[in-house]
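S.K.: Chains as they are written, first to last, in my numbering: chain A, 86 to 191; chain B, 86 to 191; chain C, 86 to 191; chain D, 86 to 191.
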């Protein structure tokens with residue numbers, strides 16, 4: 086509970102600070118909570134006989150858009166706080182590889 | 086051959102018969118419920134100081150992948166039940182325009 | 086006007102009649118030709134020392150957008166001419182599977 | 086060699102070096118040249134009556150995949166050479182905003 090993930094990551098600089106800044110965590114959490122509420126309403130609609138597939142498609146796309154936005158905010162925070170500081174810290178290669186891998190992930 | 090789903094949609098009579106076939110609704114609901122659980126675990130992680138942005142990015146991508154799959158199942162069902170029958174029913178233009186609009190939506 | 090495109094595809098007789106309607110082929114070809122010209126200008130820029138990565142990224146995204154649009158036009162034509170007529174013709178399953186497979190392809 | 090785009094970008098450090106490293110430019114150019122050849126073969130196919138829409142869709146997706154890969158290589162190079170060095174150079178905000186803008190572009 087005492088920051089191992091972060092320290093593992095920041096072992097080179099050893100600063101032990103939280104990785105994702107609190108402000109970004111709050112914004113992303115807010116957006117994901119909204120996406121979750123939206124998912125709930127789709128699940129509710131799917132219980133009804135008269136639900137129309139195209140409406141479900143549209144709702145799913147809307148949630149995907151919300152997740153895309155949450156991912157962008159996360160990425161932007163990561164670039165600012167961790168990637169932009171990599172040369173100063175000396176871990177450019179591992180930071181870039183890790184991020185490229187995460188962006189490709191699906 | 087008495088396919089209520091189609092008639093429900095196209096009669097626009099509000100008779101309450103299903104449009105999206107029940108089997109597809111169940112499969113999509115199952116996948117969306119899993120995606121929702123996954124979103125919940127990201128929300129939980131975002132409450133912790135030591136959460137790492139790249140892990141959040143990866144988790145969001147995973148949920149997006151799950152939604153993509155749910156969307157594909159919805160689309161496939163729609164193509165089979167409603168689009169493929171459009172010429173026989175006589176509403177090709179409206180069905181195709183509606184679907185293209187939904188697929189472009191973001 | 087008398088449905089050759091459909092028969093050409095489904096007869097599998099190799100009679101050489103068009104599958105993709107000529108109008109759609111022309112529109113898609115026009116857009117792909119523009120995309121090709123755009124690719125050419127990126128290739129030209131990449132020969133220069135002073136090319137900036139972010140400009141290359143933006144140009145590549147623009148070409149991807151053009152291809153996305155060409156794909157949408159192709160899909161719309163396919164839905165209208167081949168998928169919407171599948172029930173009347175009796176090959177719903179193969180048409181839907183084929184299309185879903187193509188849409189998933191990457 | 087005194088091309089404003091680069092210098093404009095690097096005016097803060099004033100080093101005037103080419104922005105996108107030559108190695109990355111060559112790899113990206115190689116991939117884009119292949120994508121262009123692929124586009125050419127689609128254009129050739131689109132001149133023929135018997136071209137099938139689903140094949141065109143698949144080919145377009147393949148070119149999109151090639152462009153996606155070229156974009157990834159460009160991004161990776163940009164992260165390594167320019168973004169990772171931003172804190173050391175003192176232009177984190179402008180670098181991150183510029184990149185987020187380019188990634189959102191469509």
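Idealized CB from N, CA, C, for every residue including glycine. Only a predicted model underlies this, so the values are computations on that prediction, with no experimental measurement involved.
1. Do you know whose CA, among D:144, D:184, D:157 and D:138, lies nearest residue 29 of chain D's CA?
2. Span of the alpha helix (DSSP H) holding residue 121 of chain C?
3. So, is residue 179 of chain A buried or exposed, given that buried needs 16 or more other C-beta atoms within 10 angstroms?
4. Buried or exposed: where does residue 148 of chain C fall if 16 or more other Cβ atoms within 10 Å of its Cβ makes it buried?
5. Rounded to whole angstroms, what is the Cα-Cα separation between residue 150 of chain B and residue 140 of chain B?
6. Relative to the C-alpha of residue 114 of chain C, which residue among D:116, D:138, D:119 and D:112 is closest?
7. Cβ closer than 9 Å: which chain D residues qualify as neighbours of residue 110 of chain A?
8. Alpha carbon to alpha carbon, what distance is there between residue 133 of chain B and residue 185 of chain B?
9. Looking at chain D, is there any beta carbon in it that lies within less than 8 Å of the beta carbon of residue 143 of chain C?
10. Would you kindly work out how many angstroms separate the C-alpha atoms of residue 119 of chain D and residue 128 of chain A, rounded to a whole number?
11. Using a Cβ cut-off of 8 Å, pull out every chain D residue sitting near residue 125 of chain C, in sequence order please.
12. By the criterion of Cβ-Cβ separation under 9 Å, what are the contact partners of residue 189 of chain D in chain A?
13. Establish whether the CB of residue 131 of chain C and some CB of chain B are separated by less than 8 Å.
14. Write down every uninterrupted run of the alpha helix (DSSP H) in the segment 157–185 of chain B whose length is 4 residues or greater and which is fully enclosed by it, in chain order.
15. Using a beta-carbon distance cut-off of less than 8 Å, what residues from the segment 174–189 of chain A approach chain B?
16. What would DSSP say about residue 138 of chain D, mapped onto helix, strand or coil?
17. For residue 181 of chain C and residue 166 of chain C, I'd like the C-alpha separation in whole angstroms.
18. Whose C-alpha, out of A:152, A:169 and A:111, is nearest the C-alpha of residue 131 of chain B?
19. Quick check on residue 154 of chain A: does DSSP put it in helix, strand or coil?
20. Please report the distance separating the alpha-carbon of residue 242 of chain A from that of residue 152 of chain B.
21. Given this structure, state the Cα-to-Cα distance separating residue 188 of chain C from residue 154 of chain B, to the nearest angstrom.
22. On a Cα-Cα basis, can you pick out the residue from A:174, A:146 and A:159 that is closest to residue 159 of chain B?
23. What's the gap between the Cα of residue 162 of chain B and the Cα of residue 168 of chain C?
24. In whole angstroms, what is the alpha-carbon distance linking residue 106 of chain D and residue 172 of chain D?
25. Quick check: the Cα distance between residue 102 of chain A and residue 170 of chain A, rounded to an integer number of angstroms?
26. When you compare the CB of residue 165 of chain D with every CB in chain A, is at least one pair closer than 8 Å?
27. Can you find a C-beta in chain A that's less than 8 Å from the C-beta of residue 136 of chain B?
28. Rounded to whole angstroms, what's the CA-CA distance from residue 136 of chain A to residue 142 of chain C? Just pull it up for me.
29. Between residue 183 of chain C and residue 183 of chain D, what straight-line distance do the alpha-carbon atoms span, to the nearest angstrom?
30. Considering only their Cβ atoms, is the gap separating residue 176 of chain B from residue 121 of chain A smaller than 8 Å?
31. Measuring only between beta-carbons, confirm whether residue 168 of chain B sits less than 8 Å from chain C.
M.R.: Put simply:
1. This structure cannot speak to residue 29 of chain D, because chain D is shown only from 86 to 191.
2. Counting from one through the third chain, the residue named residue 121 of chain C turns up at place 36. For residue 121 of chain C, the enclosing alpha helix (DSSP H) stretches over residues 107–130.
3. Here residue 179 of chain A is taken as the residue at index 94 of the first chain, counted from 1. Burial state of residue 179 of chain A is exposed, judged by a 10 Å Cβ sphere holding fewer than 16 other Cβ atoms.
4. The sequence position of residue 148 of chain C within the third chain is 63, counting from 1. By the beta-carbon neighbour count (other beta carbons within 10 angstroms, threshold 16), residue 148 of chain C is buried.
5. Here residue 150 of chain B refers to the residue found at position 65 when the second chain is read from its first residue. Here residue 140 of chain B refers to the residue found at position 55 when the second chain is read from its first residue. Cα-Cα distance, rounded: 15 Å.
6. Locating residue 114 of chain C in the third chain gives position 29, where the first residue counts as 1. Here the closest residue by C-alpha is D:138.
7. For this step, residue 110 of chain A is matched to residue 25 along the first chain. Within 9 Å Cβ-Cβ: nothing; residue 110 of chain A doesn't reach chain D, min ~18 Å.
8. Residue numbering aside, residue 185 of chain B sits at position 100 when the second chain is read from its first letter. Residue numbering aside, residue 133 of chain B sits at position 48 when the second chain is read from its first letter. Residue 185 of chain B and residue 133 of chain B have their alpha carbons spaced roughly 41 Å apart.
9. Here residue 143 of chain C is taken as the residue at index 58 of the third chain, counted from 1. It does: the Cβ of residue 143 of chain C has a partner Cβ on chain D nearer than 8 Å.
10. Counting from one through the fourth chain, the residue named residue 119 of chain D turns up at place 34. Counting from one through the first chain, the residue named residue 128 of chain A turns up at place 43. If you take the alpha carbons of residue 119 of chain D and residue 128 of chain A, they lie about 44 Å apart.
11. Here residue 125 of chain C is taken as the residue at index 40 of the third chain, counted from 1. Going along chain D in sequence order, the residues near residue 125 of chain C (Cβ under 8 Å) are 121.
12. In the fourth chain, the residue the question calls residue 189 of chain D occupies position 104. Result: 157.
13. Residue mapping note: residue 131 of chain C aligns to position 46 of the third chain, counting from 1. No, residue 131 of chain C lies away from the interface with chain B (no Cβ there is under 8 Å from its Cβ).
14. Listed in chain order, they are 171–174.
15. Listed by position along the chain: 183, 184, 187 and 188.
16. Within the fourth chain, the letter at position 53 stands for residue 138 of chain D. Here residue 138 of chain D sits in helix by DSSP.
17. Residue 181 of chain C sits at position 96 when you count from the first residue of the third chain. Residue 166 of chain C sits at position 81 when you count from the first residue of the third chain. Put simply, the backbone Cα of residue 181 of chain C is about 13 Å away from that of residue 166 of chain C.
18. Translated into positions along the second chain, residue 131 of chain B becomes position 46. The alpha carbon of residue 131 of chain B has as its nearest neighbour, out of A:152, A:169 and A:111, the alpha carbon of A:111.
19. For this step, residue 154 of chain A is matched to residue 69 along the first chain. Correct three-state label for residue 154 of chain A: helix.
20. The question about residue 242 of chain A has no answer, for chain A in this structure spans 86 to 191.
21. Within the third chain, the letter at position 103 stands for residue 188 of chain C. Within the second chain, the letter at position 69 stands for residue 154 of chain B. Roughly 12 Å between the two C-alpha positions.
22. As a first step, residue 159 of chain B must be located in the second chain, where it is residue number 74. Looking at the Cα atoms, A:146 is the closest of the given residues.
23. In the second chain, residue 162 of chain B corresponds to position 77, counting from 1. In the third chain, residue 168 of chain C corresponds to position 83, counting from 1. The alpha-carbon atoms of residue 162 of chain B and residue 168 of chain C are separated by roughly 13 Å.
24. As a first step, residue 106 of chain D is located in the fourth chain; it is residue number 21 there, counting from the start. As a first step, residue 172 of chain D is located in the fourth chain; it is residue number 87 there, counting from the start. If I take the Cα positions, the gap works out to 20 Å.
25. One-based indexing of the first chain puts residue 102 of chain A at position 17. One-based indexing of the first chain puts residue 170 of chain A at position 85. With a pLDDT of 41 at residue 102 of chain A, under the threshold of 50, the modelled position of that residue is not reliable, and the figure given next carries that caveat. If you draw a straight line from the Cα of residue 102 of chain A to the Cα of residue 170 of chain A, it comes to about 14 Å.
26. Taking the first residue of the fourth chain as 1, we reach residue 165 of chain D at position 80. True, the Cβ-Cβ gap to chain A drops below 8 Å.
27. The residue labelled residue 136 of chain B in the question sits at position 51 within the second chain. Yes, contact with chain A.
28. Taking the first chain and counting its residues from 1, the one referred to as residue 136 of chain A is at position 51. Taking the third chain and counting its residues from 1, the one referred to as residue 142 of chain C is at position 57. Each residue's Cα considered, the two are about 41 Å apart.
29. In the third chain, the residue the question calls residue 183 of chain C occupies position 98. In the fourth chain, the residue the question calls residue 183 of chain D occupies position 98. Spanning the two alpha carbons is a distance of roughly 40 Å.
30. Taking the first residue of the first chain as 1, we reach residue 121 of chain A at position 36. Taking the first residue of the second chain as 1, we reach residue 176 of chain B at position 91. Going by C-beta atoms, residue 121 of chain A is not nearer than 8 Å to residue 176 of chain B.
31. Within the second chain, residue 168 of chain B is the residue found at index 83, counting from 1. Interface residue, yes.
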